[in-house]
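Note sheet for the following structure.
In structure tokens, the structure reads:
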């Protein structure tokens with residue numbers, strides 16, 4: 001079963017979380033917003049009407065102050081308000097009115113609420129201001145003759161209102177003051193206030209009993225002709241010892257209409273929100289998972305000890321810090337592993353070298369014991385012969401053989417001791433500058449007798465020779481061993497050619513010694529420098545020497561850091577040494 005990546009999981013969890021959260025918001029708004037907003041609006045309206053009633057009851061407000069407070073309430077709650085008695089008759093003047101001064105000096109109040117309800121825009125279009133002359137036709141108040149309820153208002157031949165009826169009066173005067181609702185309040189149910197008064201008054205006994213206790217009424221009223229929902233608030237208070245009531249109507253229909261429109265709107269916004277949530281969830285999941293995926297890839301490579309491609313994440317947060325820490329850890333591990341590999345490699349080399357040294361030591365002792373066994377056996381045999389009393393004429397020969405074999409053992413032991421010193425680094429070189437050709441000429445004179453036995457001629461051919469810087473004694477040992485080796489392996493009646501020339505590569509000298517004779521098998525050229533190694537295992541020790549000469553040569557030249565080697569030439573073998 002394929003594992004789901006962290007991007008898919010983050011996307012699924014994030015999308016699910018936001019979808020559930022979004023769905024909860026939409027469900028609660030669709031189901032409970034209507035009731036919540038209605039409760040909130042009822043609470044706010046009841047609070048403001050209670051504050052207004054309490055202020056009016058406890059303070060001696062003038063009609064102008066009451067009008068100002070009433071208008072303030074209407075602006076805050078967007079609801080009309082009036083003060084009535086138990087029968088529903090208004091006890092205050094209309095907050096929206098015109099005060100006219102007639103020609104005889106009388107002041108007439110013209111209430112405008114009913115006219116504003118039906119002709120608010122036309123009335124505002126008349127642009128009535130203080131000082132304008134108006135003609136008002138309407139019905140006078142039976143109890144207050146100075147109040148006329150207008151049916152038509154005329155200014156400069158422009159009229160607003162309905163057709164006049166019989167028994168209406170007509171007055172003309174100049175505007176002393178005018179109070180009109182703001183443009184936004186014209187259609188906010190000023191007429192509903194009077195419809196509600198007709199609907200709810202006179203009050204029922206149960207309602208009057210509740211109001212008499214100082215409890216306010218909050219009534220749900222549905223208009224029978226339109227089906228609109230309204231909230232009716234009746235707040236009781238006492239003024240001048242009489243029970244009066246503040247009466248206000250707040251429309252709830254706009255809440256229901258808005259909620260119904262929102263239900264349709266939420267279908268479309270829900271689809272758009274669903275798509276937006278998916279896109280945001282995808283973006284968020286990729287944003288979060290991208291550095292985690294990079295860290296995982298880095299960790300996978302580190303599992304396989306690959307620290308070369310570790311790169312930090314460029315973020316200034318915990319993930320960026322974790323990436324930098326992993327990078328530092330990878331670098332430290334890389335350094336530690338490299339050091340460990342080097343240490344292991346060195347340890348392996350040391351172990352191999354130790355094994356090789358132990359092997360060489362065993363071979364050395366085996367070869368040394370073998371090389372010493374023969375002369376010791378000869379010495380023992382001839383000594384026993386002397387002890388047994390050989391004939392006098394052989395007595396001198398036995399002594400000569402014993403001395404000769406003793407000298408060979410002495411040479412062998414001396415070579416082994418010198419080789420051990422060289423291998424252990426116990427030799428300190430005392431370098432001087434000298435000409436190699438002069439050293440070889442002296443050695444050739446000393447080895448003349450050995451060369452004469454095989455009728456071998458030694459030719460020394462220096463050319464552009466340079467002085468060399470080396471330990472004279474040990475370099476003499478090298479040259480002697482190479483020269484003796486060349487004499488031993490030369491064919492009789494042959495020439496040993498020694499060339500000392502200028503090395504064109506490094507400006508030093510190069511030494512070459514060539515002898516004519518049997519070649520060294522190619523596979524054995526690198527082995528001739530080993531101790532006790534002979535190219536022909538069946539060859540007599542009398543012709544092969546002790547087997548330590550070239551090993552000593554190798555140690556001395558390595559100690560001087562000179563380059564050397566051996567190679568076959570068409571008719572023999574060549575040894576060479578390059579001096580720095």
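Residue numbers (our numbering): 1 to 580. Note that CB positions come from ideal geometry on N, CA and C, so glycine has one too.
- Figure out for me which residue from 489, 510 and 287 has the closest Cα to the Cα of residue 520. Translated into the one-based positions of the chain shown, residue 520 becomes position 520. It is 489 whose Cα lies nearest to the Cα of residue 520.
- What first and last residue would you give for the beta strand (DSSP E) that runs through residue 481? The sequence position of residue 481 within the chain shown is 481, counting from 1. Counting along the chain, residue 481 falls outside any beta strand (DSSP E), though it belongs to the alpha helix (DSSP H) covering 472–488.
- Message: By DSSP's criteria, residue 134 is part of a beta bridge. Which residues make up the other side?
- Response: Looking up residue 134 in the chain shown gives position 134. Answer by DSSP bridge pairing, in chain order: 173.
- Task: Identify whether residue 221 lies in helix, strand or coil by the three-state DSSP scheme.
- Result: As a first step, residue 221 must be located in the chain shown, where it is residue number 221. The answer is strand: DSSP assigns residue 221 an E or B state.
- Query: Would DSSP call residue 574 helix, strand or coil?
  - Reply: By one-based count along the chain shown, residue 574 stands at place 574. If DSSP states are grouped into helix, strand and coil, residue 574 belongs with the strands.
- residue 129 in three-state terms, based on DSSP: Within the chain shown, residue 129 is the residue found at index 129, counting from 1. If DSSP states are grouped into helix, strand and coil, residue 129 belongs with coil.
- Can you check the segment 206–264 for any beta strand (DSSP E) of at least 3 residues that lies completely inside it and give the ranges in chain order? 217–222, 229–239 and 242–251
- Query: Can you tell me the Cα-Cα spacing of residue 69 and residue 166, whole angstroms?
  - Reply: For the purposes of this step, residue 69 is taken as residue 69 along the chain shown, with counting starting at 1. For the purposes of this step, residue 166 is taken as residue 166 along the chain shown, with counting starting at 1. Each residue's alpha carbon lies about 37 Å from the other.
- residue 81, enclosing beta strand (DSSP E) - first and last residue: As a first step, residue 81 is located in the chain shown; it is residue number 81 there, counting from the start. Counting along the chain, the beta strand (DSSP E) containing residue 81 begins and ends at 81–84.
- Query: Three or more C-beta pairs closer than 8 Å, one from the segment 522–531 and one from the segment 459–474: is that the case here?
  - Reply: no
- Query: What is the rounded straight-line gap between the Cα of residue 272 and the Cα of residue 290?
  - Reply: Indexing the chain shown from 1 puts residue 272 at position 272. Indexing the chain shown from 1 puts residue 290 at position 290. Rounded to the nearest angstrom, the two C-alpha atoms are 27 Å apart.
- Message: So, under 8 Å CB-CB, residue 86 and residue 203 are touching, yes? Tell me the CB distance rounded to an integer number of Å.
- Response: For this step, residue 86 is matched to residue 86 along the chain shown. For this step, residue 203 is matched to residue 203 along the chain shown. 6 Å between Cβ atoms; contact.
- List the residues that DSSP assigns as beta-bridge partners of residue 563. As a position in the chain shown, residue 563 is number 563, starting the count at 1. Note: residue 563 sits in a beta bridge opposite 578.
- C-alpha gap between residue 618 and residue 274, whole angstroms: Residue 618 cannot be examined here, being either before or after the span of the chain that is shown, 1 to 580.
- Query: Can you tell which of 332, 215 and 376 has its C-alpha closest to the C-alpha of residue 47?
  - Reply: Working through the chain shown from its first residue, we reach residue 47 at position 47. Considering only alpha carbons, the answer is 215.
- When burial is assigned at 16 or more other CB atoms within 10 Å of the CB, is residue 395 buried or exposed? Mapped onto the chain shown, residue 395 falls at position 395. Residue 395 is exposed by the Cβ-count criterion.
- Message: Our contact map puts residue 464 next to residue 514 with C-beta atoms below 8 Å; I'd like the distance itself, whole angstroms only.
- Response: The residue labelled residue 464 in the question sits at position 464 within the chain shown. The residue labelled residue 514 in the question sits at position 514 within the chain shown. Contact doesn't hold; Cβ gap of about 19 Å is too wide.
- Which runs of the beta strand (DSSP E) fall wholly inside the segment 443–471 and span at least 3 residues, in chain order? 457–462 and 468–471
- Message: Check this for me: beta carbons of residue 262 and residue 250, under 8 Å apart or not?
- Response: Within the chain shown, residue 262 is the residue found at index 262, counting from 1. Within the chain shown, residue 250 is the residue found at index 250, counting from 1. Taking 8 Å as the Cβ cut-off, residue 262 and residue 250 do not qualify as a contacting pair.
- Entirely within the segment 90–123 and at least 4 residues each: give me those alpha helix (DSSP H) ranges in chain order. none
- Message: Can you tell me which residues form a DSSP beta bridge with residue 379?
- Response: As a working note, residue 379 is residue 379 in the chain shown. According to DSSP, which records beta bridges pairwise, residue 379 is partnered with nothing at all.
- Message: Pull the bridge partners of residue 154 from the DSSP assignment, please.
- Response: Position 154 of the chain shown, counted from the first residue, corresponds to residue 154. Answer is 135 and 159, bridged to residue 154.
- Item | Pick from 572, 260 and 292 that is closest to residue 518, judged by C-alpha positions | The count along the chain shown starts at 1 and reaches residue 518 at position 518. The candidate whose alpha carbon is nearest that of residue 518 is 572.
- Does the Cβ of residue 560 have 16 or more other Cβ atoms within 10 Å, making it buried, or fewer, making it exposed? Here residue 560 refers to the residue found at position 560 of the chain shown. Counting Cβ neighbours within 10 Å, residue 560 comes out buried, since at least 16 surround it.
- Query: If you draw a straight line from the alpha carbon of residue 387 to that of residue 419, how long is it in whole angstroms?
  - Reply: Here the question's residue 387 lines up with position 387 in the chain shown. Here the question's residue 419 lines up with position 419 in the chain shown. Going from the Cα of residue 387 to the Cα of residue 419 covers about 36 Å.
- Item | Span separating the alpha-carbon of residue 328 from that of residue 9 | What you label residue 328 is simply residue 328 of the chain shown in a count that begins at 1. What you label residue 9 is simply residue 9 of the chain shown in a count that begins at 1. Those two C-alpha atoms are separated by around 30 Å.
- Message: Check whether the segment 90–99 and the segment 111–121 are in contact - that is, three or more C-beta pairs closer than 8 Å.
- Response: yes
- Message: Could you compute how far the alpha carbon of residue 472 sits from the alpha carbon of residue 439?
- Response: Residue mapping note: residue 472 aligns to position 472 of the chain shown, counting from 1. Residue mapping note: residue 439 aligns to position 439 of the chain shown, counting from 1. Using only the alpha carbons, I get a separation of about 9 Å.
- Does the separation of the CB atoms of residue 140 and residue 174 fall below 8 Å? Position 140 of the chain shown holds residue 140. Position 174 of the chain shown holds residue 174. Contact: no.
- Cβ-based burial, residue 539 [other Cβ within 10 Å; buried from 16]: By one-based count along the chain shown, residue 539 stands at place 539. Unreliable placement is indicated for residue 539, whose pLDDT of 43 sits below 50; no coordinate value is reported for it.
- Query: According to DSSP, what are the bridge partners of residue 433?
  - Reply: If you number the chain shown from 1, residue 433 lands on position 433. Answer is 469.
- Query: What do you reckon, are the CB atoms on residue 565 and residue 481 nearer than 8 Å?
  - Reply: Sequence index remark: in the chain shown, residue 565 carries index 565 (1-based). Sequence index remark: in the chain shown, residue 481 carries index 481 (1-based). In this structure, residue 481 does not lie closer than 8 Å to residue 565 by Cβ.
- Message: Residues in the same chain with beta-carbon distance under 7 Å from residue 32, minus the five sequence neighbours each way, listed in chain order, please.
- Response: Looking up residue 32 in the chain shown gives position 32. Excluding residues within five positions, none has a Cβ falling inside 7 Å.
- Query: Do you know how far the Cα of residue 379 is from the Cα of residue 352?
  - Reply: Within the chain shown, residue 352 is the residue found at index 352, counting from 1. Within the chain shown, residue 379 is the residue found at index 379, counting from 1. Residue 352 and residue 379: Cα-Cα distance of roughly 40 Å.
- Message: Would residue 235 and residue 53 qualify as a contact pair, given that the criterion is a beta-carbon distance under 8 Å?
- Response: Translated into the one-based positions of the chain shown, residue 235 becomes position 235. Translated into the one-based positions of the chain shown, residue 53 becomes position 53. In this structure, residue 53 lies closer than 8 Å to residue 235 by Cβ.
- Query: Rounded C-beta distance between residue 466 and residue 508? I'm assuming under 8 Å.
  - Reply: On the chain shown, position 466 is the one that residue 466 refers to. On the chain shown, position 508 is the one that residue 508 refers to. Right, their Cβ atoms sit about 6 Å apart.
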